[in-house]
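Trainee: One structure is given below, represented as structure tokens, and several questions about it will come after.
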């Protein structure tokens with residue numbers, strides 16, 4: 137038997153017991169007559185003691201153990217004289233009588249500590265060692281618990297977990313598919329699912345009523361930071377529902393998770409704002425509501441006063457930063473640097489300090505009078521001590537830059553705590569967006585999303601005006617996912633494909649089975665898909681998903697630990713009836 | 137609002153309530169003044185009533201509804217005069233006041249009833265309609281519930297659900313991989329996992345202690361009946377365990393599932409038999425223990441009596457079929473036909489009837505005396521009225537044919553009830569089997585399985601003699617899965633790869649990362665993988681998995697519903713740097 141207890145389990149109540157423990161050597165200390173070893177496993181750390189006086193040979197053996205050796209120790213639980221209040225087993229230690237080395241260890245290439253000395257690349261190559269570190273163990277434990285709680289919630293709400301296939305059909309619409317050559321059907325390919333969208337709609341047509349799945353999805357995209365070619369989705373669909381039903385169901389889920397995982401009760405604090413409102417007030421469709429600092433447009437107030445930058449701009453707007461009128465020249469210069477960096481893209485920054493003494497100080501003092509500044513102050517509901525930061529330019533660009541500036545100020549002022557959670561719904565998205573490159577509309581969510589009934593009058597005349605029955609879930613400025621009420625009528629779906637520039641033949645060859653299915657009694661239905669990796673990271677207090685995935689890939693889509701992708705044999709290629717076609721090598 | 141209740145929910149307590157229901161028209165009946173519609177959803181069926189006298193227009197409208205129309209009805213719950221005891225809502229009906237057609241339906245290509253009139257192929261093409269049928273709804277509901285219970289059990293036992301990657305590395309050992317060309321790493325391929333074997337071992341090395349996952353696995357094999365190219369595995373691994381620990385943990389899981397799903401308590405009835413014993417007594421390593429009918433070898437008794445078939449045979453053995461001495465000539469001929477069919481492969485069948493009057497009747501009467509038959513009778517512990525069925529030939533072939541005959545007799549005698557469950561462990565498998573074709577040993581389980589300590593003396597001299605620390609879980613004659621205690625020592629693993637004919641370079645290039653990981657403190661570990669599709673089918677009372685999978689593929693690996701695999705565009709091929717290489721077209 138390798139152990140009677142794990143390394144996080146023994147307490148005062150075990151004093152006097154003979155126990156067997158197994159685990160990894162975290163560290164050892166020689167104190168003359170005694171050697172102490174911290175023995176580690178997933179559950180905790182227990183101190184082992186070896187006594188030079190009573191068992192000199194054993195103690196010598198213990199002194200030779202290196203870090204990360206795997207050992208088995210038999211001994212007696214004693215009360216510790218120096219208690220360690222930081223660990224659950226800190227009241228006791230184990231006086232070892234027998235020791236067995238189960239595996240030795242070479243010196244690891246980096247330290248297995250909360251803060252490791254290993255660089256990113258090294259830790260990815262030795263991911264199995266990185267995964268030993270406490271922060272990663274905590275992350276994966278959180279992920280496990282969240283997966284169980286999500287399933288529990290959905291099961292209790294009557295959802296059925298139904299597995300959809302991984303070897304499906306390639307559809308050129310949307311992102312790029314990963315494909316899989318078929319050996320038995322030569323020249324043909326499966327595709328890995330970008331999402332189980334059509335299958336979950338078919339399950340609704342099949343009468344399953346409420347479906348869910350935690351499912352891997354795949355997108356062969358050029359990887360931006362923090363995107364993975366394979367990712368996990370909480371995928372759900374419901375029948376006989378309207379938008380309101382879906383929103384309530386998943387508000388409930390987020391509320392349940394925040395309660396269970398973080399002990400955060402959000403009550404009814406789950407705002408719903410429209411896409412237009414989100415852009416107007418926060419400059420983005422994924423606003424961070426942990427702090428207010430709403431954007432105000434002031435074009436009306438500031439134009440025609442002789443300041444050319446404003447006079448020529450389509451849009452002038454800004455934010456009020458409370459109690460920051462005392463910012464120094466240097467601090468304001470840094471903010472100018474921030475907004476003018478290429479990723480933010482503003483041309484410059486106008487500020488107005490509303491000093492404590494009632495005076496004003498602005499970078500555009502010479503163009504505006506005190507009376508003007510008083511108007512600005514009123515517009516922003518500002519008080520003495522506040523700072524206004526103003527950007528001007530094209531509307532979209534200015535709103536984007538203001539959004540970035542707002543987040544930056546939120547961070548600087550400590551208004552974006554990882555322990556606070558502000559979920560919201562963004563609603564009333566446009567159904568279609570104009571794709572200038574291909575000179576046609578494309579679906580903002582996807583081609584199965586229905587239009588709001590009251591907008592249907594525009595379907596022929598001005599499709600750009602149609603709003604979608606679609607919703608995004610945003611938490612702390614992170615888009616966790618979204619969904620929509622789907623089209624469930626074949627004619628409406630066909631019209632939508634035409635709006636999106638599909639020929640009837642294309643629509644038929646790619647989604648014929650879905651439109652065929654609509655012929656046999658399709659219920660009204662809708663659903664949602666949430667990014668599980670991102671949700672876990674957010675709950676863990678991080679915006680980066682990589683450390684919440686056991687074996688992630690790097691930005692070139694490589695797993696550097698197993699060295700994949702890699703070449704395959706000629707025999708494999710022949711069996712699959714494909715050959716390599718590499719020109720520039 | 138589409139509904140206040142579902143179609144399986146209303147009872148006497150709702151009488152007088154105004155309700156809204158939505159669902160599918162299962163069938164309708166016109167009885168002169170009244171029209172009745174059975175409205176169906178996942179939860180049940182509710183009877184709707186339309187009254188010709190009070191609401192003639194509505195009633196006319198109802199009469200026009202076809203099967204599988206999706207409707208919404210508003211009405212009042214009434215007590216039924218003719219109660220239907222077969223359905224949960226049989227006490228009530230809904231007197232409809234308002235009716236809305238949500239979707240019409242064409243006539244389905246087959247009937248949506250428990251027994252459909254549609255052929256296999258048609259039902260696969262319209263799988264979304266087949267999935268509406270009750271038996272399939274029950275199967276997928278069972279699958280959902282089993283998935284939840286399995287996770288619940290493992291979670292409670294301290295297992296962590298950890299997702300392993302789907303885009304991994306191709307390894308020529310074992311079955312054929314499905315591969316995925318990498319666009320970003322030209323000429324290189326990912327492979328889809330045949331199982332997460334190496335990743336779960338790495339997770340043990342990472343200290344996760346207990347891991348599980350319900351995970352899709354992929355094998356590009358020529359599909360036999362009831363094999364799917366993608367299938368779901370319950371994949372588990374544990375650290376610091378011996379074989380006994382793994383067996384106890386998963387006995388517990390099966391016991392839990394049988395209790396929760398089928399209300400079957402098996403107590404301690406969970407036998408463990410060795411591979412040798414299984415072959416000797418049942419002719420197979422996956423015995424069906426719902427009935428005894430053990431095979432006995434009688435070579436010693438019957439040789440040298442002048443019956444050439446026996447005298448020349450390597451093996452003579454048989455089974456005792458209780459109370460079947462009265463079998464007719466015709467019945468016995470049919471059994472001879474059964475054993476001599478090519479799939480069973482015996483040369484002929486010898487019988488001995490032990491008649492109720494104490495006399496004997498045998499197909500080999502002329503070679504044996506009554507005294508001989510008395511010996512046979514004693515050997516089988518037979519009594520008057522029993523029938524002995526004897527086969528002779530090569531040992532392996534005879535045992536196989538006896539195994540088939542035993543199962544056939546079990547079925548004929550009604551000893552193999554779908555409501556009885558007899559799980560067992562088969563242990564002490566050989567570690568290696570000789571691969572005559574490639575003139576080397578291959579791993580019977582897989583190359584990571586450890587040998588039993590007491591057999592290690594044979595590792596150089598006679599590797600074929602090594603027994604594995606491996607175990608198979610068998611229920612009702614179906615192999616549900618298996619596992620082993622793994623090698624956790626780099627040197628031992630290297631030796632194993634050499635035994636299996638790997639060069640050190642091959643071992644390094646394919647499993648280098650695992651052997652590298654062994655250098656840094658690998659705990660002793662072992663695990664198991666169970667076929668989830670098969671386990672669900674078995675619990676559902678079927679040996680066929682197809683109807684327990686929402687969207688299965690056919691025997692050519694095709695999904696005939698979505699028509700996949702299919703060709704992809706030249707642009708996709710170019711981006712992936714591959715081209716088709718089809719010679720015979």
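Residue numbers (our numbering), protein chains in the order written: chain A, 137 to 721; chain B, 137 to 721. Positions of the beta carbon are idealized from the N, C-alpha and C atoms, including for glycine. Bear in mind that the values here come from a model prediction, so they are computed numbers and not experimental data.
According to DSSP, is residue 672 of chain A helix, strand or coil?
Mentor: Of the three classes helix, strand and coil, the one that applies to residue 672 of chain A here is helix, per DSSP.
Trainee: Going by the DSSP bridge assignment, what does residue 155 of chain B pair with across the sheet?
Mentor: Residue 155 of chain B is bridged to B:211.
Trainee: For residue 718 of chain B, is the classification buried or exposed, using 16 other Cβ atoms within 10 angstroms of its Cβ as the cut-off for buried?
Mentor: Flag for residue 718 of chain B reads exposed.
Trainee: Where DSSP assigns a beta bridge to residue 105 of chain A, which residues make up the other side?
Mentor: No answer is possible for residue 105 of chain A: it lies beyond the span of chain A, which begins at 137 and ends at 721.
Trainee: Counting pairs of beta carbons, one from the region 601–611 of chain B and one from the region 562–570 of chain B, are three or more of them closer than 8 Å?
Mentor: Flag = yes, the region 601–611 of chain B and the region 562–570 of chain B touch.
Trainee: Mind checking whether residue 146 of chain A and residue 225 of chain A have CB atoms under 9 Å apart?
Mentor: Taking 9 Å as the Cβ cut-off, residue 146 of chain A and residue 225 of chain A qualify as a contacting pair.
Trainee: Would residue 279 of chain B pass as a contact of residue 672 of chain B if the rule is Cβ separation under 9 Å?
Mentor: Cβ distance < 9 Å, so residue 279 of chain B and residue 672 of chain B count as in contact.
Trainee: Using 9 Å as the limit for Cβ to Cβ distance, is residue 291 of chain B near chain A?
Mentor: Yes, residue 291 of chain B counts as interfacial toward chain A.
Trainee: Assuming the contact rule is C-beta atoms closer than 8 Å, residue 495 of chain A and residue 486 of chain A should be a hit. Round their C-beta distance to whole Å, please.
Mentor: No, residue 495 of chain A and residue 486 of chain A are not in contact; Cβ-Cβ is about 17 Å, not under 8 Å.
Trainee: Assuming contact is defined by CB atoms lying nearer than 9 Å, are residue 431 of chain A and residue 416 of chain A in contact in what I supplied?
Mentor: Yes, these two residues count as a Cβ contact at 9 Å.
Trainee: The region 308–325 of chain A: which residues have C-beta closer than 9 Å to a C-beta of chain B, in chain order?
Mentor: Taking 9 Å as the Cβ-Cβ cut-off against chain B, the residues of the region 308–325 of chain A that qualify are 308, 312, 313, 314, 315, 316, 317, 318, 319, 320, 321, 322, 323, 324, 325.
Trainee: Taking 7 Å as the limit between beta carbons, can you name the residues of its chain near residue 721 of chain B, skipping five residues before and five after?
Mentor: Note that residue 721 of chain B scores a pLDDT of 47, beneath 50, so its modelled location is shaky and nothing firm can be said.
Trainee: Thinking residue 394 of chain B and residue 557 of chain B are a contact (beta carbons under 8 Å), I'd like their distance in whole angstroms, please.
Mentor: That pair is a contact at about 6 Å.
Trainee: Determine whether the beta carbon atoms of residue 692 of chain B and residue 327 of chain A lie at a separation below 9 Å.
Mentor: No. Outside cutoff.
Trainee: Return the CA-CA distance between residue 457 of chain B and residue 390 of chain B, expressed in angstroms with no decimal places.
Mentor: So the two alpha carbons sit approximately 31 Å from each other.
Trainee: Return no unless some Cβ of chain A is closer than 9 Å to the Cβ of residue 302 of chain B.
Mentor: Yes - at least one Cβ of chain A is within 9 Å of the one on residue 302 of chain B.
Trainee: So, is the C-beta of residue 108 of chain B closer than 9 Å to a C-beta in chain A?
Mentor: The shown model of chain B, from 137 to 721, leaves out residue 108 of chain B, and the question about it has no answer.
Trainee: In chain order, which continuous runs of the alpha helix (DSSP H) of length 4 or greater are located wholly inside the region 389–473 of chain A?
Mentor: Within the region 389–473 of chain A, the complete alpha helix (DSSP H) runs of at least 4 residues are 411–418, 435–438, 444–448.
Trainee: From this set, A:683, A:644, A:704, which residue's C-alpha is nearest residue 267 of chain A's C-alpha?
Mentor: Of the listed residues, the one whose Cα sits closest to residue 267 of chain A is A:683.
Trainee: Who pairs with residue 187 of chain B in a beta bridge, going by DSSP?
Mentor: Answer is B:170.
Trainee: In chain B, which residues lie with their C-beta within 9 Å of the C-beta of residue 699 of chain A?
Mentor: Under the 9 Å cutoff, chain B gives 305, 645, 648, 649.
Trainee: Are residue 526 of chain B and residue 454 of chain B close, meaning C-beta to C-beta below 9 Å?
Mentor: Contact: yes.
Trainee: For residue 538 of chain A, tell me which candidate among A:490, A:590, A:474 has the shortest Cα-Cα distance.
Mentor: Of the candidates A:490, A:590, A:474, the one whose C-alpha sits nearest the C-alpha of residue 538 of chain A is A:474.
Trainee: Could you name the residues of chain B that residue 624 of chain A contacts, counting a contact when the two beta carbons are closer than 9 Å?
Mentor: The contacting residues are 206, 238, 239.
Trainee: Just to make sure I have the definition right: I need the residues of chain B whose C-beta is within less than 7 Å of the C-beta of residue 244 of chain A. Which are they?
Mentor: Under the 7 Å cutoff, chain B gives 656.
Trainee: What residues of chain A sit near residue 418 of chain B, judged by a beta carbon separation below 9 Å?
Mentor: Here the premise fails: no neighbours, minimum Cβ distance about 33 Å.
Trainee: Assuming contact is defined by CB atoms lying nearer than 9 Å, are residue 182 of chain A and residue 191 of chain A in contact in what I supplied?
Mentor: Contact: no.
Trainee: Just tell me which of B:668, B:194, B:172, B:240 has its CA closest to the CA of residue 230 of chain B.
Mentor: Comparing Cα-Cα distances from residue 230 of chain B to each of B:668, B:194, B:172, B:240, the minimum goes to B:172.
Trainee: Provide the residue(s) that pair with residue 512 of chain A in DSSP beta bridges, ordered along the chain.
Mentor: DSSP lists no partner for residue 512 of chain A.
Trainee: Would you tell me roughly how many angstroms separate the C-alpha atoms of residue 509 of chain A and residue 533 of chain A, rounded to the nearest one?
Mentor: The straight-line gap from Cα to Cα measures roughly 25 Å.
Trainee: List, in chain order, every chain B residue whose beta-carbon is nearer than 9 Å to that of residue 659 of chain A.
Mentor: Correct list: 138, 158, 159, 160, 177, 206, 238, 239.
Trainee: Can you find the residues in the same chain that come closer than 8 Å, C-beta to C-beta, to residue 491 of chain A, ignoring five residues on each side of it along the sequence?
Mentor: 461, 497, 520, 521.
Trainee: For the region 516–593 of chain A, list the alpha helix (DSSP H) runs that are entirely contained and at least 4 residues long, ordered along the chain.
Mentor: Listed in chain order, they are 531–548.
Trainee: Can you list, in chain order, the residues of its chain whose CB lies under 6 Å from that of residue 420 of chain B, leaving out five sequence neighbours each side?
Mentor: Hits under 6 Å: 539.
Trainee: Give the single residue among A:586, A:213, A:662 whose Cα lies nearest to the Cα of residue 149 of chain A.
Mentor: The candidate whose alpha carbon is nearest that of residue 149 of chain A is A:213.
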